[in-house]
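Please read the structure below before turning to the comments.
Numbering (this note's numbering), first residue to last: 299 to 542.
What follows is the structure in structure tokens.
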């Protein structure tokens with residue numbers, strides 16, 4: 299079993315060894331801070347990223363020379379960020395500490411270079427670490443990349459912490475910059491209050507809800523969850539807006 303584990307590590311670690319030992323590299327990546335370029339392999343970049351695939355296949359069509367030390371500059375990254383990004387491309391994973399330390403840079407790079415798996419990992423970490431100090435940064439990230447999943451998670455966090463968030467210095471800027479999201483979030487907070495009341499006392503359903511939802515709650519109040527009721531309300535509101 300021990301030998302089998304060693305063989306597995308050697309098999310999966312081969313790509314990383316080739317990267318670290320600079321074996322048969324054929325491209326150099328330059329960070330924006332003008333530090334030393336990092337050698338890499340075109341095949342790995344092409345396999346992992348749709349954007350690199352387009353760039354490098356176009357270069358091949360132009361007949362670029364191998365002896366010219368082909369260099370690509372990734373100006374948005376520092377040397378450390380680029381090294382971490384490449385570590386992920388070669389290994390397909392990162393230690394938790396590295397992922398957290400370079401989370402924003404990795405999230406941006408995942409979108410820019412079209413690496414969906416890295417997008418998923420970064421988004422999951424962003425959502426799991428939303429707090430009062432970073433909630434508005436996450437709003438901006440979601441807005442830049444039209445990340446609906448992250449946006450919904452931020453909205454839910456604000457709804458759940460409205461009393462604290464509303465008195466943060468950045469709250470007014472959030473409302474001014476994201477009016478539609480702000481309105482939806484505040485409405486959601488108010489409806490969530492009603493949802494809590496209804497789940498505890500179904501007879502106390504308020505005018506925020508239609509008779510259809512009220513009837514559903516009264517019939518199924520022991521089974522229906524707050525999340526399901528919230529989704530019902532959102533779907534009905536979307537239907538009303540669509541029909542109008």
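Cβ coordinates follow ideal geometry from the N, Cα and C atoms, glycine included. Predicted model only: the values in this text are computed from it and were never measured.
Contacting residues, own chain, Cβ-Cβ under 6 angstroms from residue i (five flanking each side not counted)
| i | result |
| --- | --- |
| residue 443 | 409 |
| residue 343 | 350 |
| residue 468 | 434 |
| residue 406 | none |
| residue 501 | Confidence at residue 501 is low in this model, with a pLDDT of 44, below 50, so its placement is unreliable and the value that follows should be read with caution. Excluding sequence neighbours, residue 501 sits near nothing in its chain. |
| residue 460 | 487 |
| residue 379 | 400, 403 |
| residue 371 | 328 |
Beta-carbon separation (whole angstroms), residue i vs residue j, contact threshold 8 angstroms
| i | j | result |
| --- | --- | --- |
| residue 434 | residue 404 | So it is not a contact: roughly 20 angstroms between Cβ atoms. |
| residue 325 | residue 348 | Contact doesn't hold; Cβ gap of about 17 angstroms is too wide. |
| residue 455 | residue 428 | 5 angstroms |
| residue 336 | residue 381 | 6 angstroms |
| residue 423 | residue 397 | 6 angstroms |
| residue 466 | residue 439 | Contact flag wrong, Cβ pair sits at about 17 angstroms. |
Reduced DSSP secondary structure (H/G/I, E/B, other) of residue i
| i | result |
| --- | --- |
| residue 417 | helix |
| residue 392 | coil |
| residue 499 | Annotation note: pLDDT 49 at residue 499 (below 50); position unreliable, no value reported. |
| residue 335 | coil |
| residue 504 | Because the pLDDT at residue 504 is just 46, under 50, the model does not fix this residue reliably, and the point stays unresolved. |
| residue 370 | strand |
| residue 381 | helix |
| residue 400 | coil |
| residue 486 | helix |
| residue 405 | helix |
| residue 539 | Unreliable placement is indicated for residue 539, whose pLDDT of 38 sits below 50; the coordinate value is still reported in the next sentence. Helix, per DSSP. |
| residue 412 | coil |
| residue 363 | Reliability of the predicted coordinates at residue 363 is poor, the pLDDT of 48 falling under 50, and the value obtained from them is presented with this limitation in mind. It is coil, neither helix nor strand. |
| residue 466 | coil |
| residue 356 | helix |
Nonlocal neighbours in the same chain, by C-beta distance under 7 angstroms from residue i, ignoring five residues either side
| i | result |
| --- | --- |
| residue 385 | 392 |
| residue 472 | 434, 437, 480 |
| residue 333 | 377 |
| residue 457 | 483, 486, 487, 490 |
| residue 447 | 421 |
| residue 411 | 347, 349, 350 |
| residue 476 | 437, 441 |
| residue 452 | 428, 433, 436, 437, 440 |
Residue interval of the alpha helix (DSSP H) (run including residue i)
| i | result |
| --- | --- |
| residue 474 | 469–475 |
Extent of the continuous beta strand (DSSP E) to which residue i belongs
| i | result |
| --- | --- |
| residue 328 | 325–329 |
Own chain partners of residue i with C-beta closer than 8 angstroms, once the 5 adjacent residues on each side are dropped
| i | result |
| --- | --- |
| residue 414 | 408 |
| residue 367 | 326 |
| residue 355 | 344 |
Fully enclosed by the stretch 423–464, which alpha helix (DSSP H) runs are 4 residues long or longer?
For the stretch 423–464, whole alpha helix (DSSP H) runs of length 4 or above, ordered along the chain, are 433–442, 446–458, 460–463.
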